[in-house]
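Its first residue numbered 480, the first sequence is counted upward by one per residue in the numbering used here. For glycine and all other residues, C-beta sits at the position ideal for the given N, C-alpha and C. Fair warning: this is a prediction, and the values are worked out from it, not measured in the lab. Report on one structure; see the data block that follows.
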Amino acid sequence: MPELPEVETLCRQLKQVILDKEILGIEILDPKLTAGEGLVRRRVLSVARQGKVLEIKLDAGITMLLHLRLTGRLLWQKGNNLSFPHTRFTIFFLQGRLDCIDPRRFATLSVQKTIGTNFAAPVIDPLKDFHAFRLWEIARRRKIPVKSFLIDQHIIAGIGNIYACEILYEASIDPWQRVDSLSLAKWQKIEEATISILKRAIACRGTTVSDWRDMFGRKGEYQHYLKVYASGGYPCPRCQATIQCMHLQGRGTYFCPTCQKPEAKMRLF
DNA sequence: CCCTATGTTCCCAA
DNA sequence: CTTGGGAACATAGG
């Protein structure tokens with residue numbers, strides 16, 4: 480479910496609730512996630528997001544890395560409510576408990592001892608260092624469709640299928656256009672669209688098209704601002720042409736065939 | 001039964 | 001080495 484705005488929402492909400500708090504206990508219900516054992520009595524020093532990964536630093540030099548993949552959720556609860564089905568682990572604090580719920584069990588949890596040189600991954604965070612010129616330089620050397628480039632987590636960390644579709648619609652660029660054919664001016668349009676869309680989606684606490692919920696169980700609001708995602712067959716808000724859906728890399732890719740007109744010979748199939 | 005799904009990784013072929 | 005396609009992971013919903 481979660482892309483950058485959803486993970487950022489969880490990150491901010493986690494900070495409100497568990498920063499500086501002590502872990503009183505952990506219950507692991509999914510044997511795939513035993514990495515979480517041994518964190519009892521540790522205190523939360525910081526919560527951060529790297530791409531779609533939540534990074535929780537504890538004392539004693541311990542770092543938890545949580546990736547929710549497709550269907551992972553975090554839910555903060557007070558009191559002794561019954562756990563939701565598919566709850567995979569629970570972390571208990573004095574103030575409440577944090578449930579990780581994940582029907583498809585794709586979510587991953589790892590625990591690392593922080594050792595000396597913790598070099599940053601050479602990955603671009605769309606909100607911190609998405610600069611058109613830098614992206615243009617990297618893209619010049621690649622021959623993949625621009626949408627594949629935007630959702631490649633080794634290049635840019637955090638953009639997934641929904642926001643890639645929205646960004647390319649906003650920038651009026653064909654998702655299949657080869658990245659090595661994009662001008663610097665087009666990259667400036669992509670930069671502008673990416674930053675405005677992701678910021679607005681964060682302000683909306685994410686996009687709920689099916690089951691995304693924030694840490695307090697609330698739906699997001701950005702689904703009301705989607706222009707093309709999940710709108711196949713509906714008219715384009717700009718030109719009234721019919722929004723199309725085609726597969727790219729096995730993912731549903733929504734676009735306006737008129738506003739995002741393919742440039743001759745630059746489209747890949 | 002069929003298909004789809006906001007993610008990632010691995011294997012294989014061109 | 002690069003790229004694209006498909007399967008895998010596991011489950012719910014239309």
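Relative to the C-alpha of residue i, which residue among the options is closest?
i, options, result
"Phe585", "His610, Arg548 and Leu647", "Arg548"
"Ser589", "Tyr704, Glu516, Met480 and Val707", "Glu516"
"Phe572", "Thr687, Leu503, Cys718 and Lys698", "Leu503"
"Cys490", "His633, Glu742, Cys715 and His546", "His546"
"Gly530", "Ile623, Pro601 and Ile505", "Pro601"
"Thr721", "Gly639, Gly731, Pro736 and Thr732", "Pro736"
"Asn640", "Asp608, Val688, Leu561 and Arg657", "Val688"
"Glu670", "Phe563, Leu629 and Glu506", "Leu629"
Which value, in whole angstroms, describes the spacing of the CA atoms of residue i and residue j?
i, j, result
"Ile497", "Arg576", "10 Å"
"Pro510", "Glu616", "44 Å"
"Gly729", "Leu493", "33 Å"
"Lys698", "Trp691", "6 Å"
"Lys665", "Thr673", "12 Å"
"Gln702", "Gln723", "18 Å"
"Gly711", "Lys626", "17 Å"
"Pro582", "Ser662", "43 Å"
"Ile535", "Thr542", "6 Å"
"Met725", "Lys592", "44 Å"
"Thr596", "Val526", "With a pLDDT of 49 at Thr596, under the threshold of 50, the modelled position of that residue is not reliable, and the figure given next carries that caveat. Those two C-alpha atoms are separated by around 19 Å."
"Leu537", "Arg520", "10 Å"
"Ala636", "Lys557", "33 Å"
"Ala709", "Ala539", "46 Å"
"Phe734", "Cys644", "7 Å"
"Leu705", "Cys718", "16 Å"
"Asn667", "Phe612", "Checking the sequence shown, residue 667 turns out to be Gln, not Asn. About 8 Å."
Indicate the three-state DSSP secondary structure (helix, strand or coil) for residue i in the structure shown.
i, result
"Gly639", "coil"
"Thr587", "strand"
"Pro510", "helix"
"Ile634", "coil"
"Ile603", "strand"
"Arg692", "coil"
"Leu661", "coil"
"Phe612", "helix"
"Ile505", "strand"
"Cys579", "strand"
"Gln574", "coil"
"Lys668", "helix"
"Thr569", "strand"
"Leu518", "coil"
Does the beta-carbon distance from residue i to residue j come in below 9 Å?
i, j, result
"Ala680", "Tyr642", "yes"
"Lys740", "Asp653", "yes"
"Leu524", "Leu533", "no"
"Asp578", "Thr569", "yes"
"Leu614", "Leu483", "no"
"Arg567", "Leu512", "yes"
"Thr686", "Glu501", "no"
- Inside the stretch 520-549 only - beta strand (DSSP E) runs reaching at least 3 residues: List check, beta strand (DSSP E) in window: 523-529, 532-537 and 541-546.
- Item | Length at least 3, wholly inside the stretch 700-741: the beta strand (DSSP E) runs in chain order | The qualifying runs are 723-727 and 730-734.
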